[in-house]
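So the structure is just underneath, and the comments pick up after that.
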Amino acid sequence: MFQNSRKTKSNWGLAKLLLATIAVVLFSTQASAQEAGVSGIVSGTVVDAEFGGGVSGVRVAILGTPLTATSDKDGRFIIVNVPAGEHTVMASAMYYKASRVEELEVASGGVARVDVPLYGDNSEIVELDGFTVKAKALEGSSLALLSERQKASSISDAIGSESFSRLGVGDAADALSKTTGVSIADGKYMVVRGLSDRYNNTTLNGSTVPSADPDKRAVQLDQFPSGIIESIVTTKSFTPDKAGSFTGGSVNVVTKSIPDAGFLTFSFGVSYNEKTTFRDYLASEGGDSDWLGTDDGHRSVPQVIVDAGSVPFSPNGEDQAGLELIDAAVKSFSSELAPRLKTAPLNHSFSVSFGDRYPLNDSADGPVLGVIGSFNYKRSFSAYDDGEVGRYELVGRDFQLGVKEGFVESKGVDEAQWGSVLNAAVTFGGSHEVGVKTMYNQSGADEAIYREGEYFIGAGDGTFRVRNLHYTERALSSYQLFGEHKFDGLAGLEVNWEAATSKSVQEEPDFRLFYDSVEPGENGRAAYEGNFPGPRRYWRNLDESTDELKADFKLPFGGKSGEIKFGFLTSETTRNFKERAFIYIDNLATSYDGVAYSFLDEEKLGFNGEGQIQRYVREFAGFVPKYNGIQKTDAAYMMADFRPLEKWRLVTGARIEEANIEVQSFRANGNLIPNSGDLDNSDWLPAVQIVHELTESQNLRFAYSKTLARPNFRELSPFGSFDNVGGEVFIGNSSLTRTRIENFDLRYEWFLEGTDLLAFSVFSKDMHNPIEQNYSEGQLTYVNVDEGTVSGVEFEARRRLAFLSNENSEFSVGGNFSILESEVDRSQEELIEKRLRDPDVSLTRELQGQSSLIGNLDVFWNRIEKGESYSFVYNHTGESLYLVSRDGLPDVYQAGGDSLDFIYSRSLPRGYKMKLSIKNILDDGNQIFWDDFDEHLVYSDVSKGRTISLSFSKRFE
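Now the structure itself:
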């Protein structure tokens, strides 16, 4: 059935890169050992313990020495040449009590990090002249991250880099799945509070990230490896300083910040999957640069066709030159049309990161250049041969379900991904910072599929077979120029500005489809056409870019208890999509032996021995082979954050957004399709946040706001596309309109000692004209439904178990769960169709994509004296509506699932660290089914197997 390829490709380039990296690490180790003296560095952040955020202009001193520093605009400070030993750090500033951090141990050649809390003179701690805390009480407490959440103006959740290793997360999608109320679809798309891509947005360091997905607004979060991320903040209630196009959540991925001192880290890892590694898997021949996540050009449109511009439609009536072009064209393509077998090696990855600060003069408060960079690489293989695919239709006068398609599916994927980050910034006197943040990510996935089974069109009693070779290449680049300024002489005015450009590209070169049927018996007839179109090849290209300019101004009033904030944003996003396709045609009667590998043998192509064209290739175009889109957004806002009463905080304001979306779709003949999708709206988006500080560590929050969700370019274009026979055709709807939402939130939160936390939330959302996806006769389209509501409760807790913990061992348990409900009105058309089979169908149903229950639980044991830790991480996702079917067909649901991971880490001699993880222990699979009167019929069913990973890392400072 498959050809077996044992072709070995040279990865000498990767080997050289690895050797060079190791050489750099060894050199750095030696250099570090030589440079380490009898002094170290003290660095950290001064944090306002009441209002959150860093405090600038604070004098930080090492008592007993002349060493001092002044915190910058973010509250950060660095003191160098601190004698090794135990010290006391004191921080003092106007309007604050002095704070002392005692028993801070500074190692020779090391960096001691400490966050210093400051309390205001009018705080409840009136019996103290100052505030004193032991340094050990601050170690590992993530004080800054928790403080930001506690003092934030909106309802938010956050996860930081300290948690990534403990929870065993590998990328941003994995990290978000551990956050309250967030689930991940298809391994890369976030669903927040049960609301899918169009109701959420993603930013990178505060700037919009374009989407490279042709069908979704969502950013593919698996593009952001955890090694480059400092924190991920999910904002769940709207404030006017954020874009109004989110309802579930707005996620900001923050890349690593400039370090306090120089460092170099190196890591390398391998993993084994029980269903793939060292086993044969479906694959294509591939190219020489697939290991770099990019095609080497062998999948490109053949040069003979590029030079000619087009190929004659048919040999009939063509002169000799035209016939010779047809002959050359059909022979110029790769002859590979079907998957072959390869053996999967171990998955492997490595990363390198570095950073340092460089004073630009000898002044203690002079300008400082900070640089941080990273590079990461990963190659992974996945496969299965026991997948199931099923499609149904109504048959007979009693509208019973009959099998339309039923396949057993085998699939193999070879994916390579690498990325880099380089950030640099210059700080001036602690009040000004100007810098640049850059990121580039490249990935390529080579996917091969074989399906075998029933297909109702033309297969008769035979077996229908589908072969699919699909390579997808993605690239994401982001460049951000920013400035942050504080003007003490202008009443403390703060100005933050940013100019950013980013681009996302997705290429699908030479996507091949070949399907045939074989009748039973030794002499069974094989056929590849007749009722089936001939084999086809597609080239698809999508690029989306965003240019954005924004500025925020913040002016304090009432001492430090209030501020007015205002700003503006202008943004332009463009998308270009085009598709080119070719189909094989037989001009002469040609026999077919059922062997796909020999279908494109050269003697069967172009001219035969008599000078006649036999099998040739014809270019064809779908109804909409090309579309372009542009979205222009201009926004301005003003908001106030103040305390009308001592324990009450009010954050209120409004944002106005003017958005124009225009989509131009083109027919196959190049003519523009009129009215192919336009929106022009101006929206006033008010917001109110009320925070009642019950105690110093407890908040009660209420939030009300209006937000919106706009359709994306793909949804507005009538372009139709499909990925496989047996798959669906996606068709847009140019009549879509935006969704308007009213949001209500209530949250109680209690920040206990250290990282202990208790939080409980209730929310409700009223939606007008929500957008949903409908299924009808093998086609998927998008529609507005009249009204919808979404509501739910969320609970989050983390607790250090004192009775199991001591100075040498720490045991903690944490988790969160969300119970979600939704209701949308069924359209009149949907009701009529559903009542063909179910006269008692309800007038409403749940919202598409919303899971009824999301839960996470993690157990963490840190054996401090042994330098090792153990984690168990459990996740549960409830059932959700996957597709809304039409024409009387039952709806399609995604089954709930459970996952369990185990992570073990240990510190090794000479500063190395080892991590062992076992992922997907339960191997619960991914089941999607038709819900036919409580009988579950397979839509798709896939299991990916368990994965064991082992990695080593080392950090040099």
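Just so you know, the sequence shown maps onto residues -33 to -1, 1 to 924 in mature numbering (1 follows the signal peptide of the UniProt record, and there is no 0).
Glycine is no exception: its CB is placed at the ideal position from the N, C-alpha and C atoms.
Between the CA atoms of K521 and F784 - distance to the nearest angstrom
Taking the first residue of the sequence shown as 1, we reach residue 784 at position 817. Taking the first residue of the sequence shown as 1, we reach residue 521 at position 554. When rounded, the distance between both Cα atoms is 36 Å.
Simplified DSSP assignment, three categories, for G340
Position 373 of the sequence shown holds residue 340. Strand, per DSSP.
From which residue to which residue does the beta strand (DSSP E) around G127 run?
Here residue 127 refers to the residue found at position 160 of the sequence shown. 123 to 127 is the span of the beta strand (DSSP E), which, as asked, contains G127.
Backbone CA spacing between W897 and P857 [nearest angstrom]
By one-based count along the sequence shown, residue 897 stands at place 930. By one-based count along the sequence shown, residue 857 stands at place 890. Going by the C-alpha atoms only, they are around 6 Å apart.
DSSP state of G878 mapped onto helix, strand, coil:
In the sequence shown, residue 878 corresponds to position 911, counting from 1. Looking at G878 - three-state DSSP - the assignment turns out to be helix.
Short Cβ contact (9 Å threshold) for I628 with D650
Against the sequence shown, residue 628 aligns to sequence position 661. Against the sequence shown, residue 650 aligns to sequence position 683. No, Cβ-Cβ distance for I628 and D650 is not below 9 Å.
Thinking C-beta only, is D227 closer than 9 Å to R43?
For the purposes of this step, residue 43 is identified with residue 76 of the sequence shown, where counting begins at 1. For the purposes of this step, residue 227 is identified with residue 260 of the sequence shown, where counting begins at 1. Cβ atoms of R43 and D227: closer than 9 Å.
Quick one: what's got a C-beta closer than 8 Å to I151's C-beta in the same chain, skipping five residues either side?
Sequence index remark: in the sequence shown, residue 151 carries index 184 (1-based). Answer for I151: A140, D141, L143, S144, M157, V158, L188, listed in chain order.
Over what stretch of residues does the alpha helix (DSSP H) that includes Q795 continue unbroken?
By one-based count along the sequence shown, residue 795 stands at place 828. Note, Q795: alpha helix (DSSP H), 795 to 801.
In the DSSP assignment, find the unbroken beta strand (DSSP E) run with V220 in it and report its ends.
In the sequence shown, the residue the question calls residue 220 occupies position 253. Per DSSP, V220 belongs to the beta strand (DSSP E) from 216 to 222.
When DSSP builds the beta bridges, which residues end up paired with K155?
As a working mapping, residue 155 is identified with position 188 in the sequence shown. Partner(s): none; K155 has no beta bridge.
Look at the alpha carbon of L555 and the alpha carbon of I580, and state the distance between them as a whole number of angstroms.
To locate residue 555, count along the sequence shown from 1; it is residue 588. To locate residue 580, count along the sequence shown from 1; it is residue 613. In a straight line, the C-alpha of L555 is about 8 Å away from that of I580.
Work out the CA separation of E613 and L509 for me, nearest whole Å.
The residue given as residue 509 occupies position 542 in the sequence shown. The residue given as residue 613 occupies position 646 in the sequence shown. When rounded, the distance between both Cα atoms is 54 Å.
6 Å Cβ shell around A442 - same chain, five flanking residues per side excluded
Along the sequence shown, read from residue 1 onward, the residue named residue 442 stands at position 475. So the qualifying residues of the chain are Q409, V472.
Hey, T439 and D514 are a contact pair by Cβ (cut 8 Å); roughly how many whole angstroms apart?
By one-based count along the sequence shown, residue 439 stands at place 472. By one-based count along the sequence shown, residue 514 stands at place 547. The Cβ separation is near 26 Å, so there is no contact.
Indicate whether the contact test is met: 3 or more Cβ pairs, each with one atom in the segment 226 to 240 and one in the segment 412 to 419, closer than 8 Å.
no
So, helix, strand or coil for R165, using DSSP?
Taking the first residue of the sequence shown as 1, we reach residue 165 at position 198. The answer is helix: DSSP assigns R165 an H, G or I state.
Reducing DSSP to helix, strand and coil, say where V297 ends up.
Here residue 297 is taken as the residue at index 330 of the sequence shown, counted from 1. If DSSP states are grouped into helix, strand and coil, V297 belongs with the helices.
Pick from Y505, W464, R812: whose alpha carbon is nearest that of T537?
Numbered from 1 along the sequence shown, position 570 holds the residue referred to as residue 537. Nearest of Y505, W464, R812 to T537, Cα basis: W464.
When DSSP labels each residue in this structure, what does F245 get in the three-state scheme?
Translated into the one-based positions of the sequence shown, residue 245 becomes position 278. Coil at F245, not helix or strand.
Three-way DSSP call (helix, strand, coil) for F478 in this model:
Taking the first residue of the sequence shown as 1, we reach residue 478 at position 511. In this structure, F478 counts as strand in the three-state DSSP scheme.
Excluding the five sequence neighbours on either side, which residues of its own chain have a C-beta within less than 6 Å of the C-beta of F205, listed in chain order?
Position 238 of the sequence shown, counted from the start, is the residue given in the question as residue 205. So the list reads A654, S672, T674, once near-sequence residues are dropped.
Look at the Cβ atom of S10, then the Cβ atom of A79, and state whether they are nearer than 9 Å.
For the purposes of this step, residue 10 is identified with residue 43 of the sequence shown, where counting begins at 1. For the purposes of this step, residue 79 is identified with residue 112 of the sequence shown, where counting begins at 1. In this structure, A79 lies closer than 9 Å to S10 by Cβ.
With three or more C-beta pairs closer than 8 Å as the rule, is the segment 731 to 738 touching the segment 708 to 720?
yes
Three or more C-beta pairs closer than 8 Å, one from the segment 297 to 308 and one from the segment 332 to 347: is that the case here?
no
Using DSSP's beta-bridge definition, name the partner residues of V905.
Here the question's residue 905 lines up with position 938 in the sequence shown. According to DSSP, which records beta bridges pairwise, V905 is partnered with F896.
Can you tell which of F366, D807, F449, G369 has its C-alpha closest to the C-alpha of N390?
Walking along the sequence shown from the start, residue 390 turns up at place 423. When each option's Cα is compared against that of N390, the closest is F449.
With distances taken Cα to Cα, identify the nearest neighbour of Y422 among G373, T756, D455, Y407.
To locate residue 422, count along the sequence shown from 1; it is residue 455. Checking every option, the nearest Cα to that of Y422 belongs to G373.
Local Cβ density within 10 Å of D208, reported as buried at 16 or more and exposed below that
In the sequence shown, the residue the question calls residue 208 occupies position 241. With 16 or more other Cβ atoms within 10 Å, it is buried.
Simplified DSSP assignment, three categories, for F431
Position 464 of the sequence shown, counting from 1, holds the residue named residue 431. In this structure, F431 counts as strand in the three-state DSSP scheme.
Using beta-carbon positions only, say whether V859 and I895 come within less than 9 Å of one another.
On the sequence shown, residue 859 is found 892 positions in, with the first residue counted as 1. On the sequence shown, residue 895 is found 928 positions in, with the first residue counted as 1. Contact flag set, yes.
Is V278 helix, strand or coil when you go by DSSP?
On the sequence shown, residue 278 is found 311 positions in, with the first residue counted as 1. Correct three-state label for V278: coil.
Whole-Å CB distance - K593 paired with F633, under 8 Å assumed:
Position 626 of the sequence shown, counting from 1, holds the residue named residue 593. Position 666 of the sequence shown, counting from 1, holds the residue named residue 633. So it is a contact: roughly 5 Å between Cβ atoms.
Nearest residue (CA-CA) to E69, options G77, M61, M57, S75
Start at 1 with the first residue of the sequence shown, and residue 69 comes out as number 102. When each option's Cα is compared against that of E69, the closest is M57.
Sheet register partners of G420 (DSSP bridge):
Reading the sequence shown from its first residue, position 453 is the one you call residue 420. DSSP lists F374, F431 as partners of G420.
Indicate the three-state DSSP secondary structure (helix, strand or coil) for E813 in the structure shown.
Residue mapping note: residue 813 aligns to position 846 of the sequence shown, counting from 1. Reduced to three states, the DSSP call for E813 is coil.
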